[in-house]
């Protein structure tokens, strides 16, 4: 028993003894809150012995329906009186102090006659206090003081009980974990003031839907939709404030509930919010209680705070997962770019990854050749306007920024609106030099989504800008300049031969990278193709620390059948394949071999793959549309995926979202989602960005 409960019993005992009465305390339904205290003979005898005892009479008393706020005399039996003193509790609700019993003077025989019992009433009645005007006032005044003291005790006791309920509520929230059903079930079972609970959240931009209900008789409301301003729930969406309604069954706004045969008498609704506004509505109420006590209101608010915190925690957890995935994606992208020191490949990666990570509708990299007036565009999707015109506008904007005096950071992204679509433009910078612009179209409308996209794309653009610059610097080394000088010398005498040399170098470099050869080896093979017309001895004198001469020498031996193919190194084999291919003699060369597998088969596969079509435009000239980047189908086919999953992955890499994939393959969006989930599981990746990154890595490592 708590300290306050002991105090209540002690006050009862003291006042009972002082006024020769016995006391008992009940709630408004006649249920005993504090048992009998005192030695009043008639009270105690009737309390303990009669069939229809004192407690039955107290439960049946009409006094509960009276609106008295001060003590009064009430006859439980004709001629037998008690004092009833209302104990103020809270929110209009009272407890009741019963103090008695007393009889009027010279009524002993009349009282005995109606009691009809074999108890010796003479002695009991002789010791029972007589109700006189003087005593009556004294008793009423005394019981009023006692009721006031008891009111203070019960309010303090209720306060402690409220805090205990709050503590249990937090305990239940912890024990329930992520199960809101279990949490609400425990709440309703331990708090009888609430008989049902529910949660409504947005279903469309203009409509809300009741998605969860808990408790009895509330199931018909599951799935009910409403708009702002409609009924009790819709009102909260407009006022943005919590409400507690009483006598709801008499309120016209309850028609929304009555249509579904739900009849609450009291109802509350509390908005759950985050930084952007209302994210859900928590509601509940009672079918039997017409009002809420102050403590019930506070408890409902505490419940809302816990649920809101849970939602925010889930939101933050989801955001943390997204940010973690984006961070790991950036790490993967950085690794991929570092392992792919190829200008063109880096651009393709930027276009693919940016489109997929934010599920955009359009992505492009716009590059300007610093040595000419040409603009290069590599894109996926369409900005729904002339691409060449858009590219010129982009370069004009960022060229003007570089000479602007507005102190705008040169790498700061910007937002443009084109045909109702939001385009995020992020400069690809290295120091104060703009190498190009990454442009991504998105359907995002929420401000926080756009800001997240901008932050991520800016980081991606910074990584891309540095990677492109490093590639340019690597290509501009001293040895490359010497190779370039010697190859350009050929151009002065034989332009056709020079073109073939450059084509050979391009093919050799791309295929060598696909084979996963070391970068120094790739460079030697590429340079060997560019310098194939020079004698190996001359090249040994010029390039002391490379294998260019050896690659040319061994490769030519293979071409002229002066060396065994199986004994040659991969550098010489690639050199030989490229040379005979450009002469149109590849099939004849291969047909004379005993073995046609390994690197030869892979070279054929490389040649058969659809190549990316790029376009170079002159700023002052008309622009033709740019073709999309083709998918890397052959690499996808090497994965252990079903034919349908291969189709889906190909479209994912092309930048299509689930809806667009469903339309293209004539399947449902749910089926697409299942395929995508299985693809992620088989590739052991968490999201689209990692899937694309993995395919690219496989493409480069397999050749």
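In the UniProt record's numbering, the protein residues as written are 1 to 703.
Ideal placement from N, C-alpha and C gives every residue a C-beta, glycine not left out.
Beta-carbon proximity check, residue i vs residue j, cutoff 7 Å
| i | j | result |
| --- | --- | --- |
| residue 464 | residue 430 | no |
| residue 253 | residue 232 | yes |
| residue 69 | residue 86 | yes |
| residue 437 | residue 394 | yes |
| residue 326 | residue 456 | yes |
| residue 351 | residue 375 | no |
| residue 290 | residue 247 | yes |
| residue 101 | residue 184 | no |
| residue 312 | residue 274 | yes |
| residue 658 | residue 673 | yes |
| residue 255 | residue 215 | no |
| residue 435 | residue 387 | no |
| residue 236 | residue 271 | yes |
| residue 33 | residue 149 | no |
| residue 423 | residue 461 | no |
| residue 103 | residue 82 | no |
| residue 58 | residue 98 | yes |
| residue 655 | residue 380 | yes |
| residue 648 | residue 675 | yes |
| residue 292 | residue 244 | yes |
| residue 195 | residue 287 | yes |
| residue 357 | residue 691 | no |
Burial state of residue i (16 or more Cβ within 10 Å)
| i | result |
| --- | --- |
| residue 554 | buried |
| residue 561 | exposed |
| residue 106 | exposed |
| residue 515 | buried |
| residue 405 | Since pLDDT at residue 405 reaches only 42, below the 50 mark, its modelled position is unreliable, and the value read off the structure follows with that caveat. So residue 405 counts as exposed. |
| residue 693 | buried |
| residue 170 | Because residue 170 sits at a pLDDT of 47, beneath the cut-off of 50, its placement in the model cannot be relied upon, and the following sentence gives the value as read from the coordinates. Exposed, by the Cβ-count rule. |
| residue 756 | Only positions 1 to 703 of the chain appear in this structure, which leaves residue 756 out of reach. |
| residue 433 | exposed |
| residue 234 | buried |
| residue 258 | exposed |
| residue 489 | exposed |
| residue 193 | buried |
| residue 265 | buried |
| residue 650 | buried |
| residue 396 | exposed |
| residue 538 | exposed |
Segment limits, beta strand (DSSP E) that includes residue i
| i | result |
| --- | --- |
| residue 69 | Run containing residue 69: none; DSSP gives neither H nor E here. |
| residue 380 | 374-381 |
| residue 32 | 32-37 |
| residue 675 | Segment 669-683 is the alpha helix (DSSP H) holding residue 675; no beta strand (DSSP E) there. |
| residue 636 | It is not in any beta strand (DSSP E) - residue 636 instead sits in the alpha helix (DSSP H) that spans 633-637. |
| residue 93 | 93-103 |
| residue 433 | 433-442 |
| residue 131 | Taken as a continuous stretch (DSSP letters only), residue 131 belongs to no beta strand (DSSP E), as it is neither H nor E. |
| residue 425 | 421-430 |
| residue 200 | 196-202 |
Check: residue i C-beta below 6 Å from any heavy atom of the ligand NAD
| i | result |
| --- | --- |
| residue 20 | Absent from the structure shown: the ligand NAD. Ligands present: none. |
Span of the alpha helix (DSSP H) around residue i
| i | result |
| --- | --- |
| residue 239 | 231-239 |
| residue 320 | 294-338 |
| residue 46 | 41-48 |
| residue 528 | 519-530 |
| residue 348 | 343-357 |
| residue 652 | 643-653 |
| residue 538 | 536-542 |
| residue 501 | 495-514 |
| residue 361 | No alpha helix (DSSP H) contains residue 361, which DSSP labels as neither H nor E. |
| residue 124 | 121-126 |
| residue 111 | 108-115 |
Do the region 478-492 and the region 529-543 make contact, defined as three or more Cβ pairs closer than 8 Å? They touch, by the three-pair rule.
Threshold first: 4 residues or longer. Then list the alpha helix (DSSP H) segments lying entirely within the region 545-611, N to C. 548-559, 570-582, 586-591 and 599-608
Is the region 133-148 touching the region 11-21, taking contact as three or more C-beta pairs under 8 Å? Touching, yes, given that three or more Cβ pairs across the two stretches are closer than 8 Å.
I'd like to know if the region 517-529 and the region 562-580 are in contact, where contact means that at least 3 CB-CB pairs between them fall below 8 Å. yes
Is it the case that the region 299-309 contacts the region 207-220, given that we only count it when at least three CB pairs across the two stretches are under 8 Å? As far as the Cβ criterion goes, the region 207-220 does not touch the region 299-309, which means the pair count is below three.
Does the region 634-642 touch the region 661-670, meaning 3 or more C-beta pairs lie closer than 8 Å? no
Cβ contact (3+ pairs, closer than 8 Å) linking the region 497-504 and the region 541-549: no
Which ranges would you report for the alpha helix (DSSP H) in the region 244-283 if only whole runs of at least 4 residues count? 255-258
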